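Chains A and B are the protein sequences, given in the same order. So for the first sequence, numbering that gives the first Met the number 0 puts the first residue at 0; every next one is plus one. So for the second sequence, numbering that gives the first Met the number 0 puts the first residue at 0; every next one is plus one. Glycine is no exception: its CB is placed at the ideal position from the N, C-alpha and C atoms. A quick note: this is a predicted structure, and the numbers were derived from the prediction, not measured.
Protein chains: 2
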Amino acid sequence: MLSGNNIKELFLGIDGGGSKCKAIVMNKDNEILGTGIAGPGNPLHGFEQATNSIALSAKLALEDANLAYVDLSELTAGVGLAGVNLPVLFKQMQAWQHPFKQIFLATDLLIACLGAHQGEDGAVMISGTGSCGFSYIDGQQFMIGAHGFPHGDKGSGAWFGLQAAKQVLLSIDGIVESSIMNDVLLTKLGCKDDTALVEVIAGKTATYYAQLANLVFDAAEKGDKVALEIVKEGAEYINSIARTLGKRNPPRISMIGGLTPRLKPWLAKDIQAQLSEPLSAPEVGSVLFARSELAKQELVKS
Amino acid sequence: MLSGNNIKELFLGIDGGGSKCKAIVMNKDNEILGTGIAGPGNPLHGFEQATNSIALSAKLALEDANLAYVDLSELTAGVGLAGVNLPVLFKQMQAWQHPFKQIFLATDLLIACLGAHQGEDGAVMISGTGSCGFSYIDGQQFMIGAHGFPHGDKGSGAWFGLQAAKQVLLSIDGIVESSIMNDVLLTKLGCKDDTALVEVIAGKTATYYAQLANLVFDAAEKGDKVALEIVKEGAEYINSIARTLGKRNPPRISMIGGLTPRLKPWLAKDIQAQLSEPLSAPEVGSVLFARSELAKQELVKS
Chain A
0 MLSGNNIKEL FLGIDGGGSK CKAIVMNKDN EILGTGIAGP GNPLHGFEQA
50 TNSIALSAKL ALEDANLAYV DLSELTAGVG LAGVNLPVLF KQMQAWQHPF
100 KQIFLATDLL IACLGAHQGE DGAVMISGTG SCGFSYIDGQ QFMIGAHGFP
150 HGDKGSGAWF GLQAAKQVLL SIDGIVESSI MNDVLLTKLG CKDDTALVEV
200 IAGKTATYYA QLANLVFDAA EKGDKVALEI VKEGAEYINS IARTLGKRNP
250 PRISMIGGLT PRLKPWLAKD IQAQLSEPLS APEVGSVLFA RSELAKQELV
300 KS
Chain B
0 MLSGNNIKEL FLGIDGGGSK CKAIVMNKDN EILGTGIAGP GNPLHGFEQA
50 TNSIALSAKL ALEDANLAYV DLSELTAGVG LAGVNLPVLF KQMQAWQHPF
100 KQIFLATDLL IACLGAHQGE DGAVMISGTG SCGFSYIDGQ QFMIGAHGFP
150 HGDKGSGAWF GLQAAKQVLL SIDGIVESSI MNDVLLTKLG CKDDTALVEV
200 IAGKTATYYA QLANLVFDAA EKGDKVALEI VKEGAEYINS IARTLGKRNP
250 PRISMIGGLT PRLKPWLAKD IQAQLSEPLS APEVGSVLFA RSELAKQELV
300 KS
């Protein structure tokens, strides 16, 4: 059990995204004591929901650490959130009457990068539902991509899914050659024909399309020409992001996000060779960020 | 003034789309007596609104023809509507307790094709907000494309606008070469930089993107490489539609839709050479459809 003294040195790390909010509780030796997950933590989809998710995931992480008796006001929190790159949302979150001892707010990209490189300088390419590149070197943040769907986020899960749907529709019309993706996609979505497919996919979001990304990689790995073209085009965009980040000479570069296992083998060999495994998760990056900011505060005070 | 007898031989033609509903009143000699325009006439966006728009545009057309004293119940109506290719909407519109003498319901594509070829067999390529091909030969209808945005409708206004936004965002990130479209697009949308652009275009509809199509053609005509690639790719898709329609040997083929004046000069020379000017508007096609269906009814009765 932690003594009263140690409890005062507990840190909370939050990674709040569009679909879920992850929390981690760590001690001053950066040991993970417990984790928790709650609903959406992106303030873009609502301040109330985001702040509720952050508090709930924190309580769950404390329970998981057998520290349910610890009050949230004992925790120093690093909070990484999608959306707070927008000034209006950053201000709104800063004004939150939060239940923690102290709070340090960062973007989801910064905490992901800090997590991947254990708080040291570095860069990350991210391909999940969306896509982007980010580096944090000598205190300077740099971002590329992250433009959103359907106008951006090339090489992301949503982009791969949309390309699949486009090519299947074109091939049903005889405009491009047919693909083994045709039957797979129609079966997966329970559609008899292109009319049914068009009805099913009309108005769908990035999250929906991202669920279709795997079938493109499955087909490409079987040598399907149409799928291979899509995978090569998506990989080439992530190569471009890596080369742009590389110009800033990051000490380490990692690839993260849900599509990484499928997409990484398709990147250029020289880029694959440069990649380092991410050292820890974004929510750990949030703790490292909080500790770093706390150290700066104490330096100013002393 | 029309005599009582002539009034009984008045025809109404309706072209009901997603943004407006056009009406035309014609006599038995196919002379245009008056026209009217009301709000959205596509039942996909609401039955009440569509039927109100149809009735209102019809009254406006009668007023325009100085026939305000004529009751709608005197009119034989041909009604072409976007959306009624979906069985559920066709049934809903068929069940309408309409105010006309008689109503004949058709898709917007059929009446556009009948209008373009004065009721005779033929084919049309359409590029407006969306894109598709359609033919009507020996009583057989055939459709290609018309898949919707953003997964389909290649070569349409919405597709050109989206491609412009994509390329501008990629070039701001240094992934593709810069284009004269960059400044034009940012200025047109009142944006200072890519962050502002992403905020402005997030979640926008096909209609919004279609308003950006002209700037792609403007840039291409000035020799801009990025714009030229987009225009060539869009034109190639419409070429493919034309070649697919051509296999059915339509006696005439026309290109219609709002983007026609900009896109037609970029089509393959052999396809441009095959194109005939559309002879009349879709709402005239609706009247021709109604008269043709009426003639079939009278044949059955006699």
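C-beta atoms of residue i and residue j nearer than 9 Å
i, j, result
"Val284 of chain A", "Gly118 of chain A", "Contrary to the premise, residue 284 of chain A reads as Gly rather than Val in this sequence. Result yes, Cβ atoms of Gly284 of chain A and Gly118 of chain A sit closer than 9 Å."
"Phe141 of chain A", "Arg247 of chain A", "yes"
"Phe216 of chain B", "Ala105 of chain B", "no"
"Pro249 of chain A", "Ala111 of chain A", "no"
"Gly129 of chain B", "Ile240 of chain B", "no"
"Glu292 of chain B", "Phe103 of chain B", "yes"
"Leu244 of chain A", "Phe99 of chain A", "no"
"Ala226 of chain B", "Ala219 of chain B", "yes"
"Ala60 of chain B", "Gly33 of chain B", "yes"
"Leu9 of chain B", "Asn26 of chain B", "yes"
"Val123 of chain B", "Ile255 of chain B", "yes"
"His97 of chain A", "Ile53 of chain A", "yes"
"Gly173 of chain A", "Ile252 of chain B", "no"
"Leu274 of chain A", "Ser155 of chain A", "no"
"Thr206 of chain A", "Ala157 of chain A", "yes"
"Phe46 of chain A", "Gln91 of chain A", "yes"
Separation of residue j from residue i, as counted between CA atoms
i, j, result
"Asp223 of chain B", "Asp193 of chain B", "20 Å"
"Ala234 of chain B", "Leu262 of chain B", "7 Å"
"Ile136 of chain B", "Ile229 of chain B", "33 Å"
"Ala212 of chain A", "Val286 of chain A", "32 Å"
"Ala272 of chain A", "Ala115 of chain A", "17 Å"
"Glu297 of chain A", "Glu62 of chain A", "30 Å"
"Ser126 of chain A", "Thr204 of chain A", "16 Å"
"Lys153 of chain B", "Ala145 of chain B", "9 Å"
"Glu232 of chain A", "Trp265 of chain A", "10 Å"
"Ile381 of chain A", "Gln48 of chain B", "Look at the range of chain A in this structure, 0 to 301, and you will see that residue 381 of chain A is not part of it."
"Ala76 of chain B", "Ile270 of chain B", "35 Å"
"Trp95 of chain B", "Ser301 of chain B", "28 Å"
"Ala201 of chain B", "Tyr68 of chain A", "44 Å"
"Glu276 of chain A", "Ile237 of chain A", "17 Å"
"Glu198 of chain B", "Val199 of chain A", "27 Å"
"Leu161 of chain A", "Leu113 of chain B", "34 Å"
"Leu278 of chain A", "Ala64 of chain A", "22 Å"
"Phe221 of chain A", "Ser177 of chain A", "The sequence given here has Lys at residue 221 of chain A, not Phe. When rounded, the distance between both Cα atoms is 14 Å."
"Val299 of chain B", "Leu188 of chain B", "58 Å"
"Leu108 of chain A", "Lys295 of chain A", "21 Å"
"Asn181 of chain B", "Leu66 of chain A", "55 Å"
"Asn51 of chain B", "Phe89 of chain B", "17 Å"
Cutoff 9 Å: residue i Cβ touching any chain A Cβ
i, result
"Thr106 of chain B", "no"
"Glu198 of chain B", "yes"
"Gly17 of chain B", "no"
"Gly173 of chain B", "yes"
"Ile240 of chain B", "yes"
"His146 of chain B", "yes"
"Ile229 of chain B", "no"
"Ala212 of chain B", "no"
"Ile143 of chain B", "yes"
"Tyr236 of chain B", "yes"
"Ala201 of chain B", "yes"
"Leu169 of chain B", "yes"
Chain B within 9 Å of residue i, Cβ atoms only
i, result
"Thr243 of chain A", "yes"
"Ala149 of chain A", "Note that residue 149 of chain A is Pro in the sequence shown, not Ala. Yes - at least one Cβ of chain B is within 9 Å of the one on Pro149 of chain A."
"His44 of chain A", "no"
"Ala305 of chain A", "Outside the modelled stretch of chain A, which goes from 0 to 301, sits residue 305 of chain A, for which no answer is possible."
"Lys165 of chain A", "yes"
"Leu1 of chain A", "Low confidence applies to Leu1 of chain A: its pLDDT is 49, below 50, so where it sits in the model is not reliable, and the reading given next is rough at best. No, no contact with chain B."
"Leu188 of chain A", "no"
"Lys153 of chain A", "yes"
"Asp182 of chain A", "no"
"Asp193 of chain A", "yes"
"Ala81 of chain A", "no"
"Leu161 of chain A", "yes"
"Leu74 of chain A", "no"
"Leu85 of chain A", "yes"
Nearest-angstrom Cβ-Cβ length linking residue i and residue j, presumed shorter than 8 Å
i, j, result
"Leu196 of chain B", "Leu185 of chain B", "6 Å"
"Asn20 of chain B", "Ser56 of chain B", "It is Cys, not Asn, that sits at residue 20 of chain B in the sequence shown. Rounded, the Cβ-Cβ distance is 5 Å, consistent with contact."
Stretch pair the region 77-86 of chain A + the region 29-46 of chain A: three plus CB contacts closer than 8 Å: yes
The region 147-167 of chain A touching the region 143-163 of chain B, judged by at least three CB pairs closer than 8 Å: yes
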